[in-house]
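Only one structure is covered here, and it is reproduced in the block below.
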Amino acid sequence: MPVPTRPPTPDDTIGARDLTAWHTRFGRWLVDVFAALARASSPAARRVARWSSAHLAFVVFAAVALVVMVVLVEGIETVYEGVVGRDGLTAIDQPVLDAAITLRSPGLDSAVTAFTDIGGPVGMPILALVAVAIITWRRRRWTPIVLTLIAAAGSLAMTIVGKNVVDRARPPASLAVPPLEVSPSFPSGHTLNATVLTTVVVYLVLIETTAAWQRTVAVSLGTLFVLAMGLSRVFLGHHWLTDVLAGWLIGLAWALAVITAHRLWLTLRERPEALRGVEPATP
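In the numbering used here, the protein residues as written are -18 to 264.
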């Protein structure tokens, strides 16, 4: 049965959409599962950890999702190799890189290099933290920073696992624009991290804003930034196209998992009736 409706609070909505109202059967099943988990957990253990039922659901769901995402990183490469075989790079990646090389010029190379540095291990965290700090200051709550740190930690873990386990070689140095990078190619860390952090920041902006045009601008700019970041990696010859595609897919999946965990937290915090006897979470 759907959870009964209630007047939403500003923190729980995106426009007219109530984030604690689950309209799909899977969503309602997810709420029921984690409400049951909260009921089954020891009250003493929750008191010791100073966790509410909503916090417990958030942490458990995020942990399970991260394990699934890490396994997915390995699985995508396995499936890719199984489908395209040894000629995969020639059939898919090499022609795209060859086309990108024909578009290069000294000025464009410098501009794209400057842009791609924004999505690097230094630039992207700084950009995301500045945006999240502003949202945190406006909302007077630590939730945006917590969500962003969890998203970033998972993104970093998937990048490390993918590079160390798959160990795919980057495009030849002769085809890349300096400065060259030496870490393994799969997945594209710039693309994965930019996808995760940008998606989470846009989600927080959507909750914060009230005007439809502001939400449209946020989604449009976020999408363009993520697409451009991935394509810049191929243009510069620092990654194969399939490295970037994997970064987009895995990054979006992890970001959506973090967002779902946040919605579960909101639901069990704001809708104590969903817990059926479990004490409501403190804000």
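Note that the Cβ used here is the ideal one computed from N, Cα and C, for glycine as well.
Query	Result
CB-CB under 6 Å to Ala2, same chain, minus the five flanking residues each way: which ones, in chain order?	none
Need the endpoints of the alpha helix (DSSP H) that Gly143 sits in, please.	124 to 147
Does the separation of the CB atoms of Val182 and Ala236 fall below 7 Å?	no
Just list the residues that DSSP pairs Thr197 with in beta bridges.	DSSP output for Thr197 lists no bridge partner at all.
For the putative contact between Asn174 and Gly100, defined by C-beta atoms under 8 Å, what is the C-beta separation to the nearest angstrom?	7 Å
Tell me which residue opens and which closes the alpha helix (DSSP H) that His171 is part of.	170 to 189
Look at the alpha carbon of Ala116 and the alpha carbon of Pro106, and state the distance between them as a whole number of angstroms.	Looking at the sequence provided, one finds Ile at residue 116 rather than Ala. So the alpha carbons of these two residues sit roughly 15 Å apart.
Taking the C-alpha atoms as reference points, what is the distance between Arg151 and Val142?	16 Å
Candidates Ala72, Leu156, Val207: which alpha carbon is nearest Thr83's?	Leu156
Closest by CA to His171, which one among Gly203, Leu137, Val186, Ala192?	Leu137
Classify Gly232: buried if its beta carbon has 16 or more other beta carbons within 10 angstroms, exposed otherwise.	buried
Taking only runs that begin and end inside the region 66 to 99, name each unbroken alpha helix (DSSP H) of 4 or more residues, in chain order.	75 to 83, 87 to 99
Cα-Cα, which of Trp221, Ala227, Trp246, Ala242 is closest to Pro76?	Trp221
What residue range is occupied by the uninterrupted alpha helix (DSSP H) comprising Thr241?	222 to 251
Quick check: what's the CA-CA separation for Arg149 versus Val215?	15 Å
Between Thr223, Val200, Leu202, which has its C-alpha nearest Gly211's C-alpha?	Thr223
To which residues of the same chain is Ala26 closer than 7 Å at the C-beta, ignoring the five residues directly before and after it?	Note that Ala26 scores 46 on pLDDT, short of 50, meaning its location in the model is unreliable and no value can be drawn from it.
What do you get for Pro168, buried or exposed, if any count of 16 or more other CB atoms within 10 angstroms of its CB means buried?	buried
Name the two residues that bound the continuous alpha helix (DSSP H) containing Thr117.	104 to 120
Out of curiosity, what's the CA-to-CA distance linking Leu308 and Phe39?	Any property of residue 308 remains undetermined from this structure, which presents the chain solely from -18 to 264.
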